[in-house]
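Q: I'd like to ask you about the structure that follows.
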Amino acid sequence: MDAMQFFRQSAGQWQSLRTTHHLAFRQAEKGHSKINVEALDADDPKVVEICQMHNVDPALAAGGAYVTWNGEMDWDKDDENHSGSTVFAIVPDGDNPRKGRMLRERGYAEIVPVVGQFEMDEDDALVLVTEYETMSSIERFWFPNPNVRMRTSAVKRFGGFNTSTFCTEIRIEEPDSKASSESENAENPAFYSALGW
Numbered sequence: 034m035d036a037m038q039f040f041r042q043s044a045g046q047w048q049s050l051r052t053t054h055h056l057a058f059r060q061a062e063k064g065h066s067k068i069n070v071e072a073l074d075a076d077d078p079k080v081v082e083i084c085q086m087h088n089v090d091p092a093l094a095a096g097g098a099y100v101t102w103n104g105e106m107d108w109d110k111d112d113e114n115h116s117g118s119t120v121f122a123i124v125p126d127g128d129n130p131r132k133g134r135m136l137r138e139r140g141y142a143e144i145v146p147v148v149g150q151f152e153m154d155e156d157d158a159l160v161l162v163t164e165y166e167t168m169s170s171i172e173r174f175w176f177p178n179p180n181v182r183m184r185t186s187a188v189k190r191f192g193g194f195n196t197s198t199f200c201t202e203i204r205i206e207e208p209d210s211k212a213s214s215e216s217e218n219a220e221n222p223a224f225y226s227a228l229g230w
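The numbering of the sequence shown is our numbering, which starts it at 34 and goes up by one.
Structure, rendered in structure tokens:
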């Protein structure tokens, strides 16, 4: 699997549950969100635009993704908002499509345009390392099965790890009828969580 195949497998709607460990406070915070992922072809205007933003030849891109999300965390204040969107563009290395650059409109740790380095590991998980001006992040995404995606991330700031996050994302599927809904609720892994909720 290469990174573009990973994005195509990620396409669709997801329900995400996350736990973020704030290591300095020795406390954990829970949250949830709905995520929508749309895989983009290499010639999609969004991919071309993000390449131009980073001064990268769009002809080098293999494609990308448009991601939107809406969620909340336990410690949110009234004015906090966990909604947004971003565009990813994949620029693989010429000799290895399983690694390369990930161009982003906004980063995970800082809301600025950023370029990360991605690599598919031996388990076909996508590992993304991003260096910012004041911090760095490492993220790993993988599929235990086609309808469940896991994600871990760690943000390192000022010489130590500041936060560590674990997410379980369950694909949201809409059955065709009530009868199929009852059957799928009992049997389809899309309606099952490994965490039991």
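From the three backbone atoms N, C-alpha and C, an ideal C-beta is built for every residue, glycine too.
1) The alpha helix (DSSP H) spanning A94 covers which residue range?
2) For W175, which residues in the same chain have their Cβ closer than 6 angstroms to its Cβ, ignoring the five residues on either side in sequence?
3) With distances taken from CA atoms, which of N88, V89, D90 and T119 is nearest T101?
4) Could you tell me if D77 is buried or exposed, where buried requires 16 or more neighbouring beta carbons within 10 angstroms of its beta carbon?
5) Please classify S226: does DSSP put it in a helix, a strand, or coil?
6) When you compare only the Cα positions, how much space is there between I68 and D128?
7) Kindly give me the distance between the Cβ atoms of A75 and A95, rounded to whole angstroms, as I take these residues to be in contact under 8 angstroms.
8) Quick check on the DSSP output: what are the complete beta strand (DSSP E) runs of length 3 or more inside the stretch 147 to 205, in order along the chain?
9) Per DSSP, what kind of secondary structure is V135 in: helix, strand or coil?
10) Verify whether the separation of the beta carbon atoms of G133 and P125 is less than 8 angstroms.
11) Please tell me whether L161 and H87 are closer than 8 angstroms, where the distance is taken between their beta carbons.
12) Give the DSSP-derived three-state secondary structure of A57 in the structure shown.
13) Between T167, K189 and W47, which lies nearest to S66 when the distance is taken from Cα to Cα?
14) Going along the chain, which residues of its own chain have a beta-carbon closer than 6 angstroms to the beta-carbon of E202, five neighbours each way excluded?
15) Quick check: what's the CA-CA separation for G64 versus K189?
16) Here's the rule I'm using: 16 or more other beta-carbon atoms within 10 Å means buried, otherwise exposed. How should G97 be labelled?
17) What is the residue span of the alpha helix (DSSP H) that V145 lies within?
18) Between G117 and G104, what straight-line distance do the alpha-carbon atoms span, to the nearest angstrom?
19) Please tell me whether Q42 and P130 are closer than 8 angstroms, where the distance is taken between their beta carbons.
20) Looking only at its own chain, which residues have a Cβ that is under 7 angstroms from the Cβ of L73, when we skip the five neighbours before and after it?
21) On a CA-only basis, which of A57, T53, H54 and F151 is nearest R37? Give me that one, please.
A: Taking the structure as given:
1) Counting from 1 along the sequence shown, the entry for residue 94 is found at position 61. Per DSSP, A94 belongs to no alpha helix (DSSP H) and is neither H nor E.
2) The sequence position of residue 175 within the sequence shown is 142, counting from 1. Contacts found: A158 and M183.
3) Taking the sequence shown and counting its residues from 1, the one referred to as residue 101 is at position 68. Taking only the C-alpha atoms, the option nearest T101 is T119.
4) Mapped onto the sequence shown, residue 77 falls at position 44. Classification of D77: buried, given that the 10 Å Cβ count is 16 or more.
5) In the sequence shown, residue 226 corresponds to position 193, counting from 1. Note that S226 scores 29 on pLDDT, short of 50, meaning its location in the model is unreliable and no value can be drawn from it.
6) As a position in the sequence shown, residue 68 is number 35, starting the count at 1. As a position in the sequence shown, residue 128 is number 95, starting the count at 1. Cα to Cα, I68 sits roughly 32 angstroms from D128.
7) Indexing the sequence shown from 1 puts residue 75 at position 42. Indexing the sequence shown from 1 puts residue 95 at position 62. 6 angstroms between Cβ atoms; contact.
8) Correct list: 147 to 153, 159 to 164, 168 to 178, 181 to 190 and 193 to 204.
9) Looking up residue 135 in the sequence shown gives position 102. Per the sequence shown, the amino acid found at residue 135 is Met instead of Val. Of the three classes helix, strand and coil, the one that applies to M135 here is strand, per DSSP.
10) For the purposes of this step, residue 133 is taken as the residue at position 100 of the sequence shown. For the purposes of this step, residue 125 is taken as the residue at position 92 of the sequence shown. The answer is yes: Cβ separation under 8 angstroms.
11) Residue mapping note: residue 161 aligns to position 128 of the sequence shown, counting from 1. Residue mapping note: residue 87 aligns to position 54 of the sequence shown, counting from 1. The beta carbons of L161 and H87 sit no closer together than 8 angstroms.
12) Here residue 57 refers to the residue found at position 24 of the sequence shown. Of the three classes helix, strand and coil, the one that applies to A57 here is coil, per DSSP.
13) Numbered from its first residue, the sequence shown carries residue 66 at position 33. The option with the nearest alpha carbon to S66 is W47.
14) Here residue 202 is taken as the residue at index 169 of the sequence shown, counted from 1. Sequence-distant partners of E202 (beyond 5 residues in either direction) whose C-beta falls short of 6 angstroms from its own C-beta, in its chain, are W47, S49 and R182.
15) On the sequence shown, position 31 is the one that residue 64 refers to. On the sequence shown, position 156 is the one that residue 189 refers to. Approximately 21 angstroms, taken between the alpha carbons.
16) Mapped onto the sequence shown, residue 97 falls at position 64. With 16 or more Cβ atoms within 10 Å of its Cβ, G97 is classed as buried.
17) For the purposes of this step, residue 145 is taken as the residue at position 112 of the sequence shown. Looking at the DSSP string, V145 is not in any alpha helix (DSSP H), and its letter there is neither H nor E.
18) Along the sequence shown, one-based indexing puts residue 117 at 84. Along the sequence shown, one-based indexing puts residue 104 at 71. Going from the Cα of G117 to the Cα of G104 covers about 9 angstroms.
19) For the purposes of this step, residue 42 is taken as residue 9 along the sequence shown, with counting starting at 1. For the purposes of this step, residue 130 is taken as residue 97 along the sequence shown, with counting starting at 1. Not in contact: Q42 and P130 (Cβ atoms no closer than 8 angstroms).
20) Indexing the sequence shown from 1 puts residue 73 at position 40. The residues are K79, V80, G96, G97, A98 and Y99.
21) Here the question's residue 37 lines up with position 4 in the sequence shown. Correcting the residue identity first, residue 37 is Met in this sequence and not Arg. Ranked by how close their Cα comes to the Cα of M37, the residues A57, T53, H54 and F151 have F151 in first place.
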